[in-house]
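A short write-up of the structure that comes next.
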Amino acid sequence: VVDIPSQLDDLPPTTLRKDYANLPVMNSVDDVVKRLLSLEMASQKEKMKIKIQQLVEKVRRSPNDDGSFEVQGNLSLLSTVAVLTARIRMLEEHLQRHPKDKSNRRQMLMAMDRRRKLLGYLRRVRYGTFQNTCQQLGIQYCPPPTRTRRVTKRWLVKKAFCIKVW
């Protein structure tokens with residue numbers, strides 16, 4: 001079995017789960033309880049929540065920023081760039097282990113397309129923010145090609161004829 005590196009590997013296992021991190025009682029709790037409430041015993045879903053929170057923190061403009069385009073978007077549709085990036089990376093890891101999983105491949109492609117559209121909009125509206133977002137999240141954005149003409153046999157003949165004439 002090949003060990004595939006995960007985006008969740010950089011999370012320290014001693015970090016407490018999202019719900020228990022800010023509780024004042026956690027300082028006086030036994031080590032066994034802390035271990036049970038840490039990421040060491042957490043599910044994949046709980047680890048993903050913390051990873052998404054970290055990515056959102058990277059892109060956030062200020063500590064009070066909850067509504068900027070890069071952070072919020074429409075959370076019910078998971079359309080923020082940071083959230084989509086975390087989801088895409090998780091699905092990529094899953095597909096490396098399960099290459100025949102067509103449903104998750106389709107979900108990954110749809111998420112990539114949604115992220116590409118959001119990044120295109122951000123690139124048109126605020127280029128500096130776009131560059132910062134791509135740099136912070138480690139995204140390589142390739143702009144769509146300019147409109148290309150559909151190649152037909154008739155068009156190729158016409159083009160060849162024009163080249164001969166000129």
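Quick note on numbering: full-length UniProt numbering labels position 47 of the sequence shown as 47, and the sequence is numbered without any gaps.
Glycine is no exception: its CB is placed at the ideal position from the N, C-alpha and C atoms.
Remember, it's a predicted structure, so these values are computed and weren't measured experimentally.
Query	Result
Which residue comes first and which comes last in the alpha helix (DSSP H) that contains M110?	K102 to V125
In angstroms with no decimal places, state the Cα-to-Cα distance between G128 and L91.	29 angstroms
In chain order, what residues of the same chain lie with their CB nearer than 6 angstroms to the CB of A86, ignoring the 5 residues before and after it?	K51, I52 and L55
So R35 and M26 are supposed to be a Cβ contact under 8 angstroms. How far apart are they, rounded?	Not quite, the Cβ-Cβ distance comes to about 12 angstroms (not below 8 angstroms), so this is no contact.
According to DSSP, is S28 part of a helix, a strand, or is it coil?	helix
Starting from A21, trace the alpha helix (DSSP H) in both directions and tell me its first and last residue.	Unbroken run through A21: none, as it is neither H nor E.
In this structure, does DSSP put L11 in helix, strand or coil?	coil
Let me know if F161 comes out buried or exposed under the rule of 16 or more other beta-carbons within 10 Å of its beta-carbon.	exposed
Just the Cα atoms here: how many angstroms apart are N22 and Q140?	35 angstroms
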